[in-house]
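> Going left to right, the sequence shown walks through residues 894 to 1422 as our numbering numbers them. The beta carbon of each residue, even a glycine, is placed where N, CA and C say it ideally should be. All values derive from a computational prediction rather than experimental measurement.
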Amino acid sequence: YMRAIAHALAEGKRAIVLVPEIALTPQTVRRFAARFPGRVAILHSRLSAGERYDTWRRARQGLIDIMVGPRSALFSPLPNLGVIVLDEEHDPSYKQTPPVPPPYYHAVDTAVALGQILNATVIMGSATPDIVNYHRARAGRYQLLELPKRVMGHRYRIESQAERLHIPEEKIAAHPVSGDPDDALTIPLPPIQVVDLRQELRAGNRSIFSRALDAAITETLERREQTILFLNRRGSATFVICRDCGYVERCPRCDMPLTYHRPRMLLICHHCGKQEPVHQECPHCGSRRIRYFGLGTEEVEMQVQRRWPQARITRWDRDTTAGKNTHEELLASFINHESDILIGTQMIAKGLDLPLVTLVGVISADVSLSLPDYRTGERAFQNLMQVAGRAGRGLLGGRVIIQTYQPEHYAIQAAAEHDYASFYIDEIRFRTQHNLPPFRRLARLLYIDPINDRGRREAERLARKLRLHVREKALAATEVLGPTPPFFNRIDGRYRWQIILRTPNPIRVLEEFPIPAPWLVDIDPVSTL
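#1: Looking at the unbroken alpha helix (DSSP H) that takes in His900, where does it start and where does it end?
#2: So for Thr921, helix, strand or coil by DSSP?
#3: Could you give the residue range of the beta strand (DSSP E) that holds Thr1376?
#4: Given Gly1189, which residues of its chain have a CB within under 6 angstroms of its CB, disregarding the five upstream and five downstream residues?
#5: Output the distance between the C-alpha atoms of Gln1306 and Pro1170, rounded to the nearest integer angstrom.
#6: Secondary structure at Phe1123, three-state DSSP: helix, strand or coil?
#7: List in chain order: all unbroken alpha helix (DSSP H) runs of 4+ residues lying wholly within the region 1188-1229.
#8: Let me know if Ala1192 comes out buried or exposed under the rule of 16 or more other beta-carbons within 10 Å of its beta-carbon.
#9: Going by other Cβ atoms of all chains shown within 10 Å of its Cβ, with 16 needed for buried, is Leu1235 buried or exposed?
#10: Just how far apart, CA to CA, sit His983 and Ser1019?
#11: Start and end of the alpha helix (DSSP H) containing Gly943?
#12: Would you say the region 1307-1314 touches the region 1354-1367, given that touching needs at least three Cβ pairs under 8 angstroms?
#13: For the candidate residues Asn1382, Ala1109, Thr1396 and Leu940, whose alpha-carbon lies nearest to that of Pro1145?
#14: At what residues does the alpha helix (DSSP H) containing Leu1011 begin and finish?
#15: From this set, Tyr1153, Pro1176, Asp1266 and His1177, which residue's C-alpha is nearest Gly1166's C-alpha?
#16: Tell me which residues share the same chain as Ala1370 and place their Cβ nearer than 6 angstroms to its Cβ, disregarding the 5 neighbours each side in the sequence.
#17: With contact counted as at least three CB pairs below 8 angstroms, one residue from each stretch, are the region 1087-1099 and the region 1109-1119 in contact?
#18: Run through DSSP, which three-state label would Tyr1317 get?
#19: Looking only at DSSP bridge pairs, what is His1154 linked to?
#20: Note down, in chain order, each residue of its chain lying with its Cβ closer than 6 angstroms to the Cβ of Tyr1267, except the 5 sequence neighbours on either side.
#21: Taking only runs of the alpha helix (DSSP H) that begin and end inside the region 1282-1350, which ones reach a length of at least 4 residues, in chain order?
#22: Name the two residues that bound the continuous beta strand (DSSP E) containing Pro1399.
#23: The beta strand (DSSP E) with Ile1392 in it runs from where to where?
#24: Determine the burial state of Ala942: buried for a count of at least 16 other Cβ atoms within 10 Å of its Cβ, exposed for fewer.
#25: Have a look at Arg1205 and Gly1291 and give me their C-alpha separation to the nearest angstrom.
#26: Could you tell me which residues DSSP puts in a beta bridge with Asp1415?
#27: So the beta strand (DSSP E) Asp1449 belongs to, where does it begin and stop?
#28: Give me the Cα-Cα distance between Cys1138 and Ser1261, rounded to the nearest whole angstrom.
#29: Which residue wins for smallest C-alpha separation from Ala1273, given the options His1302, Glu1351 and Pro1407?
#30: Note down the Cα distance separating Glu1174 from Leu1160, rounded to an integer number of angstroms.
#31: What do you reckon, are the CB atoms on Arg1043 and Ile1080 nearer than 8 angstroms?
#32: Within this structure, are the beta carbons of Met1016 and Val976 separated by less than 8 angstroms?
#33: Does DSSP put Leu1247 in a helix, in a strand, or in coil?
#34: Can you tell me where the beta strand (DSSP E) with Ala908 in it begins and where it stops?
#35: Using only the alpha-carbon positions, how far apart do Asp1415 and Arg1337 sit?
#36: Would you check if there are 3 or more beta carbon pairs closer than 8 angstroms linking the region 1281-1297 to the region 1246-1258?
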């Protein structure tokens, strides 16, 4: 990235660097500002309106050479744009999706189109490439550059870190990429251990920490190194149930189970934000036999506090990063070793460089595998590989422990071997069998209505018309699936019905068949949930 941007700047051009999350912008800006001082700016939604306008104005006047930010930063008015970088290009955050207002653009596709218009170079980077983009690269549509080894940095950086950590030279497990001692050095990927939680249960271990993870955390604390614990679910318990009548606390506006947040003693809907007080008695039968099931990051934090009371703990999820500068403050605190254990959701799995982290524990890999979406395997593999990549990024080395009830799943098997190639083969086989991208494209037609029956009737009416259109036009290899309610079928009091169009060219189909308002049309959806 740095060399490509330096080359563009030398030619009087400018660059945009996109990251999937606002949380990644501070560290990214620091890296680029160190290389290009005084030439880097940041643009994202957490800035005030005045700050955003000032940055936009400076960009338009040519006073900014490198703009860093999430997907919206792609539209920065930089004159003479020469390079667009999309770091972690696989991340679904690059797609704007319903129910956010349209346009439903994907920053990757938009960047490619913008690069073609402006004759700018587009660089997409990822350790776990999007299946469709990797397939395009293998087919020759994009130039494919592969980095088979993990690059640590140049010798001066290695020696500086070794001196700071008091590591003798003979214990440095870094080697030159090319054999040239002055070249960049590589370090090995961390070994990954998969723990079968079924075996843990049979052995009488009912803790959320397997015996292997428990011992590893203890050892890491004793060595004064850092640990990341990953669970892609917020809260303390994922649902609350009455053990006498089976009543489950649900959001009255979304029909989804409310998540228990113990520190605030609240039940919160993670879809519409509605909050309810915790009931000591069942609202349905009056029983006091209320049970909390499931697991979230808040509960993991409490369990860690009980098990290792001496540990300093930081939790990083959407609940702890609501403020303007909280991302940067939490990251700085952890980098400065003001905490020993970082607990978080997928926000901590992306792009962070934390050299003191020598242990990553995945509390439950099954969370990512439980949703009924065709990208479930891909998302699970990407999350596991990305969070595993936070371990051993420094000279201290590292290891990863993945806990799961499905150790035989191909995504977990491939992640355990750091083997993207084998995962790609299995995933492409699955996509071929089911006519899924990249072999066909999808369009998601979404109808939202406060009255469920009215929404269903409208969805059935449009589906009939669309099927008739497909038959009359003899559109080859085109299928109309549904209508069906999606997995999240009611959000904030409004019901959702969807039709999935599976076809080689959804734009051609829909150009000849205008979709009436208020239908929402999402071409190439990143999720059908």
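A quick look at the data gives this:
#1: The residue labelled residue 900 in the question sits at position 7 within the sequence shown. His900 -> alpha helix (DSSP H) spans Met895 to Ala903.
#2: On the sequence shown, position 28 is the one that residue 921 refers to. Helix at Thr921.
#3: Residue 1376 sits at position 483 when you count from the first residue of the sequence shown. Residue 1376 is actually Pro in this sequence, not Thr. Pro1376 -> beta strand (DSSP E) spans Glu1372 to Thr1377.
#4: By one-based count along the sequence shown, residue 1189 stands at place 296. Around Gly1189: Arg1126, Arg1127, Gly1128 and Ser1129.
#5: Within the sequence shown, the letter at position 413 stands for residue 1306. Within the sequence shown, the letter at position 277 stands for residue 1170. Whole-angstrom Cα-Cα distance: 42 angstroms.
#6: Here the question's residue 1123 lines up with position 230 in the sequence shown. Correct three-state label for Phe1123: strand.
#7: 1190-1200 and 1219-1228
#8: Indexing the sequence shown from 1 puts residue 1192 at position 299. Per the sequence shown, residue 1192 should be read as Glu rather than Ala. Looking at its Cβ environment, which holds 16 or more other Cβ atoms inside 10 Å, Glu1192 is buried.
#9: Here residue 1235 corresponds to residue number 342 of the sequence shown, with the count starting at 1. So Leu1235 counts as buried.
#10: Locating residue 983 in the sequence shown gives position 90, where the first residue counts as 1. Locating residue 1019 in the sequence shown gives position 126, where the first residue counts as 1. C-alpha separation (whole angstroms): 7 angstroms.
#11: The residue given as residue 943 occupies position 50 in the sequence shown. It spans Ala942 to Arg953 - the alpha helix (DSSP H) in which Gly943 sits, taken as one unbroken run.
#12: no
#13: Numbered from its first residue, the sequence shown carries residue 1145 at position 252. Of the listed residues, the one whose Cα sits closest to Pro1145 is Asn1382.
#14: Walking along the sequence shown from the start, residue 1011 turns up at place 118. Note, Leu1011: alpha helix (DSSP H), Ala1000 to Leu1011.
#15: Residue numbering aside, residue 1166 sits at position 273 when the sequence shown is read from its first letter. Comparing Cα-Cα distances from Gly1166 to each of Tyr1153, Pro1176, Asp1266 and His1177, the minimum goes to Tyr1153.
#16: Here the question's residue 1370 lines up with position 477 in the sequence shown. Within the same chain, Ala1370 has close Cβ partners Pro1397.
#17: No: fewer than three Cβ pairs fall under 8 angstroms.
#18: Counted from its first residue, the sequence shown places residue 1317 at position 424. Here Tyr1317 sits in helix by DSSP.
#19: Reading the sequence shown from its first residue, position 261 is the one you call residue 1154. In the DSSP output, where bridge partners are listed per residue, His1154 has Leu1159.
#20: Working through the sequence shown from its first residue, we reach residue 1267 at position 374. For Tyr1267, where only same-chain residues beyond five positions count, the Cβ hits under 6 angstroms are Leu1329.
#21: 1303-1309 and 1313-1326
#22: One-based indexing of the sequence shown puts residue 1399 at position 506. That residue, Pro1399, is in no beta strand (DSSP E); its alpha helix (DSSP H) goes Pro1399 to Glu1404.
#23: Sequence index remark: in the sequence shown, residue 1392 carries index 499 (1-based). Taken as a continuous stretch (DSSP letters only), the beta strand (DSSP E) holding Ile1392 covers Arg1387 to Thr1396.
#24: The residue given as residue 942 occupies position 49 in the sequence shown. The residue is exposed, with fewer than 16 neighbouring Cβ atoms inside 10 Å.
#25: The residue you call residue 1205 lines up with position 312 of the sequence shown. The residue you call residue 1291 lines up with position 398 of the sequence shown. Answer to the nearest angstrom: the Cα atoms are 20 angstroms apart.
#26: The sequence position of residue 1415 within the sequence shown is 522, counting from 1. DSSP lists Arg1337 as partners of Asp1415.
#27: Residue coverage of the chain in this structure runs from 894 to 1422, which leaves residue 1449 outside it and unanswerable.
#28: As a position in the sequence shown, residue 1138 is number 245, starting the count at 1. As a position in the sequence shown, residue 1261 is number 368, starting the count at 1. The straight-line gap from Cα to Cα measures roughly 30 angstroms.
#29: On the sequence shown, residue 1273 is found 380 positions in, with the first residue counted as 1. Checking every option, the nearest Cα to that of Ala1273 belongs to His1302.
#30: As a working mapping, residue 1174 is identified with position 281 in the sequence shown. As a working mapping, residue 1160 is identified with position 267 in the sequence shown. The alpha-carbon atoms of Glu1174 and Leu1160 are separated by roughly 14 angstroms.
#31: Position 150 of the sequence shown, counted from the first residue, corresponds to residue 1043. Position 187 of the sequence shown, counted from the first residue, corresponds to residue 1080. A distance below 8 angstroms separates the beta carbons of Arg1043 and Ile1080.
#32: Residue 1016 sits at position 123 when you count from the first residue of the sequence shown. Residue 976 sits at position 83 when you count from the first residue of the sequence shown. Checking the displayed sequence, the identity of residue 1016 turns out to be Ile instead of Met. Yes, the pair counts as a contact, with Cβ atoms nearer than the cut-off.
#33: As a working note, residue 1247 is residue 354 in the sequence shown. Correct three-state label for Leu1247: coil.
#34: Translated into positions along the sequence shown, residue 908 becomes position 15. Looking at the DSSP string, the run of the beta strand (DSSP E) that includes Ala908 is Arg907 to Leu911.
#35: Residue 1415 sits at position 522 when you count from the first residue of the sequence shown. Residue 1337 sits at position 444 when you count from the first residue of the sequence shown. If I take the Cα positions, the gap works out to 5 angstroms.
#36: yes
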